[in-house]
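For reference, the structure is listed below as structure tokens.
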Amino acid sequence: MTSAAARWAVALESWRLPDHLLEAATQTTFLSPPTLWRRARLAEARHGAGETRKLVLSLLGDLGSLLDVGAGTGRISAPVAALGHSVTAVEPDEAMAEGLAAEAMELGVEIARIAGTWPESASATGRHDVVLCANVVYNVADIEPFLKGLHRAATRAVVIELTPAHPWT
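Throughout the sequence shown, residue numbering follows this note's numbering, covering -6 to 162 in sequence.
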């Protein structure tokens, strides 16, 4: 493990919620409801594309292909598909995937979905012009194979979206 990968694992562990809080929780603390991301996409539709989507679009060119790893409800990738780009989404959570299907249907687009985690699903995705991973690496302690898998799947660029601080801090 590289020193950067080791530092990442240590940082994730330091952000971990204490066991006594996790045991007392009546529902999972690690998943956002799909409706949250749907509201985020609707807000972007009213106020303009977010910076990550603008960057993805600039890298895709005219009709590039996008692989969205941890796509959630398609906050970024569904509007990209609506512009004519080919989109494949990797999403392990069924509720999020249902939200993604609803977004795709609402926009009248096809999004290929692979139910699974990354990098375990990498062999099923093929290669794409741009690979996107938005706010997923917070769930990845062993970051090195994850990032290498993203890199191998991209022919042009990898875009990783992170917030300045861990979302749960």
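Even for Gly, the Cβ is constructed at its ideal location relative to N, Cα and C.
The structure presented is a predicted model; accordingly, all values stated were derived computationally and were not measured.
Membership of Ser116 in any beta strand (DSSP E) is not indicated; the residue belongs instead to the alpha helix (DSSP H) covering 115 to 118. Pairing Glu137 with Ala4 gives a Cβ-Cβ distance that is not under 8 Å. Comparing alpha carbon positions, the residue from Pro157, Asp61, Ala117 closest to Glu84 is Asp61. Taking each of Ala97, Leu76, Leu10, Gly57 in turn and checking the Cα distance to Gly65, the smallest one comes out for Ala97. Counting the other CB atoms within 10 Å of its CB gives Gly63 a total of 16 or more, which places it among the buried residues. Gly67 is the residue among Leu125, Gly67, Ala115 whose C-alpha sits nearest the C-alpha of Ala94. Judged by their CB atoms, Val130 and Phe139 are nearer to each other than the 8 Å cut-off.
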